[in-house]
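Participant:
Structure (structure tokens):
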């Protein structure tokens with residue numbers, strides 16, 4: 123029984139030494155690259171926060187800020203859209219004109235493809 127206890131104590135002691143050595147390596151790594159450790163901690167915290175359900179208190183606390191952010195984003199989108207539309211109008215570009223240009227371009231490309239095909243067919247007939 124003494125041998126078992128001595129063996130168990132030795133095993134426990136060895137595990138403690140290994141844990142201490144591992145802790146020392148972690149400490150060395152943290153002191154060498156603190157930003158990496160910080161980033162890892164932030165990522166782990168964000169993951170844990172994302173997995174935990176939101177409480178009613180958090181929802182009540184976040185709601186006004188979320189509402190303001192949504193309103194600001196909508197206002198920014200509308201301002202960008204209005205400015206873009208105005209600038210396009212100043213340049214003489216409109217939706218109708220853009221559609222007309224695209225139709226014309228497609229028609230030209232289609233005609234070019236037909237002409238190329240016909241030229242290839244004519245060349246093949248001449249060689250026969």
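In the numbering used here, the protein residues as written are 123 to 250.
Even for Gly, the Cβ is constructed at its ideal location relative to N, Cα and C.
Since the model is a prediction, treat every value here as computed from it, not as a measurement.
1. Return helix, strand or coil for residue 216, following the three-state DSSP convention.
2. Would you call the CB atoms of residue 184 and residue 176 closer than 9 angstroms?
3. Kindly indicate which three-state DSSP category residue 155 falls into: helix, strand or coil?
4. Output the distance between the C-alpha atoms of residue 198 and residue 217, rounded to the nearest integer angstrom.
5. For residue 156, which residues in the same chain have their Cβ closer than 8 angstroms to its Cβ, ignoring the five residues on either side in sequence?
6. Can you give the Cα-Cα distance for residue 232 and residue 238, rounded to whole angstroms?
7. Just verifying my parser: in three-state terms, what is the DSSP assignment at residue 266?
8. Measure the C-alpha to C-alpha separation of residue 140 and residue 159 and round it to an integer number of angstroms.
Facilitator: By the coordinates alone:
1. coil
2. yes
3. coil
4. 22 angstroms
5. none
6. 10 angstroms
7. The question about residue 266 has no answer here: the residues shown for the chain are numbered 123 through 250.
8. 22 angstroms
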